[in-house]
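J.: Residue numbers (the working numbering): 39 to 288.
Note that beta-carbon positions come from the ideal geometry of N, C-alpha and C, so glycine has one too.
One structure is given below, represented as structure tokens, and several questions about it will come after.
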Amino acid sequence: MVRALLIRGMLVGALAAVCAFVVAKLLGESEVGHAIAFESARDAADGVQAMNLVSRNVQSTIGLFTGLLVFGVAIGGLFALAYAGVQGRLGGLGARGTAALVALAGFMGMYLLPDLKYPANPPSIGNPDTIGERTSLYFTMMLISLAAVIGGAVTARRLAARFGAWDAALLAMAGALVIVGLACYLLPQVHETPQGFPADVLWRFRIASLAIQVSLWTTIGLLFGALTERAVRSAHSDQKTSSAVAPTAA
């Protein structure tokens, strides 16, 4: 069962990557181009000769698609494992409802909450010497966010019998937000936007980044749920057919 879910999740992740690629090309690539143009003009003014190992055309086509494909397949696989761990434990929710909740939790924990502290930035923003530190900070924030989301879900389930489903969910959400808020307060800020960088380009790039993630997680949640529900119905139908044929054969 887990193997089938894992394969399904990876395939769905690949399809979600195609949707994310379309969104990235429509919304994000123009902003990346503006950011690179700003960086090139700044380097030229400083007398710096930029070295491009990969052409811009390759970066914006096969490079972008390959990166999103690898990311989508990986996220789809992790999503399937998370789904396998919670299926049947969320009350009366079926396959679609469970998949939607898992996708929402993944989106919040892996992107939305970390993005509140360390939002996505286009090229030319960020000091190359601090990329390791910035990566560590982002992953730290992501791990804290995931822990808060998962812990909130577990807490809500345990408190439901005492406080009711709605009150338990609100209490758990409040606790998760406190944890995330403390992390945002305690973790260091990162301010490396160069002087003169167009604010509208930065804003549109971040909106495009949000749209890419929304398209990816929405496709995974909805498509995985639909395919899993169909597989469950087919299995139940086959089981009923087998049960009906067995007495006749006897």
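1. Let's see if you can read the secondary structure: which residues bound the alpha helix (DSSP H) around residue 98?
2. Skipping 5 residues on each side, what residues in its chain have a beta carbon closer than 7 Å to that of residue 179?
3. Assign residue 177 to one of two classes, buried (16 or more other C-beta atoms within 10 Å of its C-beta) or exposed (fewer than that).
4. Look at residue 239 and residue 161 and say whether their C-beta atoms are less than 8 Å apart.
5. With burial defined as no fewer than 16 other Cβ atoms inside 10 Å of the residue's Cβ, what is the status of residue 64: buried or exposed?
6. Per DSSP, what kind of secondary structure is residue 128 in: helix, strand or coil?
7. Please work out which residues of its chain come closer than 6 Å, Cβ to Cβ, to residue 249, disregarding the five sequence neighbours upstream and downstream, and give them in chain order.
8. Identify the continuous alpha helix (DSSP H) that holds residue 157 and give its terminal residues.
9. Hey, how far is the Cα of residue 242 from the Cα of residue 69?
10. In angstroms with no decimal places, state the Cα-to-Cα distance between residue 257 and residue 194.
11. Indicate whether residue 255 and residue 144 have their beta-carbon atoms separated by less than 8 Å.
12. Taking the alpha-carbon of residue 105 as reference, which of 223, 132, 51 and 72 has the nearest alpha-carbon?
13. Under 6 Å Cβ to Cβ from residue 296, same chain only, skipping five residues before and after it: list those, please.
14. Assess, as a yes-or-no matter, whether the segment 129-144 is touched by the segment 205-222 under the definition of 3 or more beta carbon pairs within less than 8 Å.
15. How about the segment 184-191 and the segment 167-176: do they share at least three Cβ pairs that are nearer than 8 Å?
16. Consult DSSP for residue 187 and reduce its assignment to one of helix, strand or coil.
17. With a 10 Å radius around its C-beta and 16 neighbouring C-beta atoms as the bar for buried, classify residue 233 as buried or exposed.
18. Assign residue 45 to buried or exposed, taking buried as 16 or more other Cβ atoms, counted over all protein chains shown, within 10 Å of its Cβ.
19. Return yes when the Cβ of residue 215 is within less than 8 Å of the Cβ of residue 206, no when it is not.
20. Residue 183: which of 199, 146 and 163 sits nearest, CA to CA?
21. Determine the DSSP secondary structure at residue 93, reduced to helix, strand or coil.
T.: In terms of the structure at hand:
1. Your numbering for residue 98 matches position 60 in the sequence shown. Premise fails: residue 98 is in no alpha helix (DSSP H) and is neither H nor E.
2. Start at 1 with the first residue of the sequence shown, and residue 179 comes out as number 141. Correct list, in chain order: 152, 155, 156, 221 and 225.
3. What you label residue 177 is simply residue 139 of the sequence shown in a count that begins at 1. By the 10 Å Cβ count, residue 177 comes out exposed.
4. The residue labelled residue 239 in the question sits at position 201 within the sequence shown. The residue labelled residue 161 in the question sits at position 123 within the sequence shown. Cβ atoms of residue 239 and residue 161: not closer than 8 Å.
5. Residue numbering aside, residue 64 sits at position 26 when the sequence shown is read from its first letter. Under this definition residue 64 is an exposed residue.
6. Numbered from its first residue, the sequence shown carries residue 128 at position 90. Reduced to three states, the DSSP call for residue 128 is coil.
7. On the sequence shown, residue 249 is found 211 positions in, with the first residue counted as 1. Excluding positions up to five away in sequence, the list reads 61 and 65.
8. The count along the sequence shown starts at 1 and reaches residue 157 at position 119. Neither: residue 157 is in no alpha helix (DSSP H) and is coded neither H nor E.
9. Counted from its first residue, the sequence shown places residue 242 at position 204. Counted from its first residue, the sequence shown places residue 69 at position 31. Answer to the nearest angstrom: the Cα atoms are 7 Å apart.
10. Working through the sequence shown from its first residue, we reach residue 257 at position 219. Working through the sequence shown from its first residue, we reach residue 194 at position 156. C-alpha separation (whole angstroms): 26 Å.
11. Against the sequence shown, residue 255 aligns to sequence position 217. Against the sequence shown, residue 144 aligns to sequence position 106. Their beta carbons are under 8 Å apart, which means residue 255 touches residue 144 by this criterion.
12. For this step, residue 105 is matched to residue 67 along the sequence shown. Considering only alpha carbons, the answer is 51.
13. As displayed, the chain neither begins before 39 nor continues past 288, which places residue 296 out of reach and without an answer.
14. In short, these stretches do not touch, since the Cβ pair count stays below three.
15. no
16. By 1-based counting over the sequence shown, the position of residue 187 is 149. If DSSP states are grouped into helix, strand and coil, residue 187 belongs with the helices.
17. The sequence position of residue 233 within the sequence shown is 195, counting from 1. That one is exposed.
18. What you label residue 45 is simply residue 7 of the sequence shown in a count that begins at 1. Looking at its Cβ environment, which holds fewer than 16 other Cβ atoms inside 10 Å, residue 45 is exposed.
19. Stepping through the sequence shown from its first residue, residue 206 is reached at position 168. Stepping through the sequence shown from its first residue, residue 215 is reached at position 177. The answer is no: Cβ separation not under 8 Å.
20. On the sequence shown, residue 183 is found 145 positions in, with the first residue counted as 1. Among 199, 146 and 163, the Cα nearest to that of residue 183 is on 146.
21. Along the sequence shown, read from residue 1 onward, the residue named residue 93 stands at position 55. In the structure shown, residue 93 falls within a coil segment according to DSSP collapsed to helix, strand and coil.
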